[in-house]
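Just so you know, the protein sequences line up as chains A and B, in that order.
So that you can map any letter, position 35 of the first sequence is 35 in our numbering, and since no number is skipped, the others follow by simple counting.
So that you can map any letter, position 188 of the second sequence is 188 in our numbering, and since no number is skipped, the others follow by simple counting.
Here the structure is laid out as C-alpha cells; the discussion comes afterwards.
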Amino acid sequence: MKARVTVTLKNGVLDPQGKAIEGSLGSLGFEGVEGIRQGKVFDLELADRSEAEARADIEAMCEKLLANTVIENYSIELL
Amino acid sequence: MKSAVILFPGSNRDRDMIKALEQISGQPVATVWHTETELPDADLYVLPGGFSYGDYLRSGAIAARSHIMPALKTAADQGRHVLGVCNGFQMLTETGLLPGALMRNASLHFVCKEVMLETTSTNSAFTSRMEKGKVWRCPVAHHDGNYFADPETLKELEGEGRVAFRYADGTNPNGSLNDIAGITSAKGNVLGMMPHPENLVEDLHGGIEGRALFESVMENLAA
C-alpha cells in the first residue's frame, strides 16, 4: 500500500527558503504571489496492513523522524 | 577529566575537538562510533561539528536517531555533561536534550567567519569559570544555525538564565532569535552551541579565546 506524508512549517516559523522562492517567482514576472512556504513530501510504500494500522504506524514515523514537531506539522494521506 | 567524542559519518570537526580536549585536559580522549550502544566511562561526552549524514532530512536528524543516542540520553539524564558544537547542537535539539530547533540561516548563505560572542550566563559547569558579560571572538561555520523556539520556550530559557552565549556587536550570522548562539539544559549539564570554541585554543589558531570554556568545564568536572 502507498501513502504520502506532507511536512510543512508551522505558522509563525520563519521560512527563508520560501521567501527566496517567492522573490524569484516575482522576478520571473509572476504577479500576485502573496506567500510561499516550502515543505517536504515523503512517498511511502508499505507492506499491506489495515488502514488504521497504517495511519498509526505512519504517525509514529512522523513523530519520531519524518517531522520535527517543534517547527513542523505533518499530514498523512493513504493512497 | 575524562572525555569522549562521538563520531558519525560526515563528522568533520571531530579531530579539532579531540585535539583541543587532549591539549587542554592533558588526557587521551576516547572516541565512540555511532553504531555502539554503550558509552565508555567519561565525565564529558562531545558531539562534534560536521555534516552527519550529509544533513539529509534535517541537520542532525538522522544522527540523533543513531544507536548510541539512547545511551547518551541516559548519561545526560544521570547528570553527565554533554557538549554539542555546531552539528552537535543540531543533534541535541533533534534528540530533545535541548529545546528548540536550528533552521536554515536567514540569509540562506553558509557562513564561515568569526563572530563576537557574549557569555551571558555563567550558571553551568561549562561557563561558571568564564567571565559573565565578556565578549570574545569565535569562529562559526554553518548553514543551519538559526535558532528557533516558541515564545514560551524562549521565555523559559531567558528566565532561567539558560542562554549561555549570544552573538554580540551585531554579528548574529544566521538570524537566530534573541541572538542565541548557545543554550544549556534545565539542569545545566548539556550545552549546545553553534560557534566552534575548539578552533580557537592555540596560538596557531590566531587566538586562544575558546580555551576558557574547556578550562571551565574541566576544572569543574575535575573538582
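Beta carbons are placed, not taken as given, at the ideal position from N, Cα and C, and that holds for glycine.
Helix, strand or coil at residue i [DSSP, three-state]
{"i": "residue 4 of chain B", "result": "strand"}
{"i": "residue 30 of chain A", "result": "coil"}
{"i": "residue 133 of chain B", "result": "coil"}
{"i": "residue 186 of chain B", "result": "coil"}
{"i": "residue 202 of chain B", "result": "strand"}
{"i": "residue 13 of chain A", "result": "coil"}
{"i": "residue 42 of chain B", "result": "coil"}
{"i": "residue 193 of chain B", "result": "strand"}
{"i": "residue 217 of chain B", "result": "helix"}
Beta-carbon contacts of residue i that lie in its chain and below 7 Å, excluding the five residues immediately before and after
{"i": "residue 98 of chain B", "result": "92, 183, 185, 190 and 192"}
{"i": "residue 72 of chain A", "result": "7, 8, 9 and 10"}
{"i": "residue 15 of chain A", "result": "9, 37 and 38"}
{"i": "residue 128 of chain B", "result": "122, 216 and 220"}
{"i": "residue 147 of chain B", "result": "100, 102, 176, 177 and 180"}
{"i": "residue 154 of chain B", "result": "177 and 178"}
Beta-carbon contacts of residue i that lie in its chain and below 6 Å, excluding the five residues immediately before and after
{"i": "residue 110 of chain B", "result": "143"}
{"i": "residue 21 of chain B", "result": "3 and 29"}
{"i": "residue 8 of chain B", "result": "34, 52 and 63"}
{"i": "residue 118 of chain B", "result": "135, 166 and 168"}
{"i": "residue 94 of chain B", "result": "60, 61 and 64"}
{"i": "residue 44 of chain A", "result": "3"}
Whole-Å CB distance - residue i paired with residue j, under 8 Å assumed
{"i": "residue 48 of chain B", "j": "residue 88 of chain B", "result": "6 Å"}
{"i": "residue 67 of chain A", "j": "residue 7 of chain A", "result": "5 Å"}
{"i": "residue 78 of chain A", "j": "residue 54 of chain A", "result": "6 Å"}
{"i": "residue 210 of chain B", "j": "residue 220 of chain B", "result": "About 17 Å separates the two Cβ atoms, so there is no contact after all."}
{"i": "residue 85 of chain B", "j": "residue 205 of chain B", "result": "Not quite, the Cβ-Cβ distance comes to about 15 Å (not below 8 Å), so this is no contact."}
Contacting residues, own chain, Cβ-Cβ under 8 Å from residue i (five flanking each side not counted)
{"i": "residue 54 of chain B", "result": "10"}
{"i": "residue 163 of chain B", "result": "120, 121, 157, 178, 180, 182 and 183"}
{"i": "residue 59 of chain A", "result": "76"}
| query | Can you list the beta strand (DSSP E) stretches of 3 or more residues lying completely in the segment 48-129 of chain B, in chain order? | reply | Here the runs fully enclosed are 81-85, 101-103 and 111-119.
| Residues of the segment 95-115 of chain B with Cβ closer than 8 Å to any Cβ of chain A, in chain order | 99, 100, 101, 103, 104, 105, 106, 107 and 108
| said: Which runs of the beta strand (DSSP E) at least 3 residues long sit entirely within the segment 26-79 of chain A? Give them in chain order. | reply: Runs of the beta strand (DSSP E) inside the segment 26-79 of chain A: 40-45 and 72-78.
| Contained alpha helix (DSSP H) runs [length at least 4] in the segment 139-177 of chain B, N- to C-terminal order | 151-159
| message | Under 7 Å, CB to CB, which of the residues in the segment 62-75 of chain B have a partner in chain A? | response | Hits within the stretch, in order: 65.
| In chain order, what residues of the segment 11-38 of chain A put their CB closer than 9 Å to some CB of chain B? | 12, 13, 14, 15, 16, 17, 19 and 20
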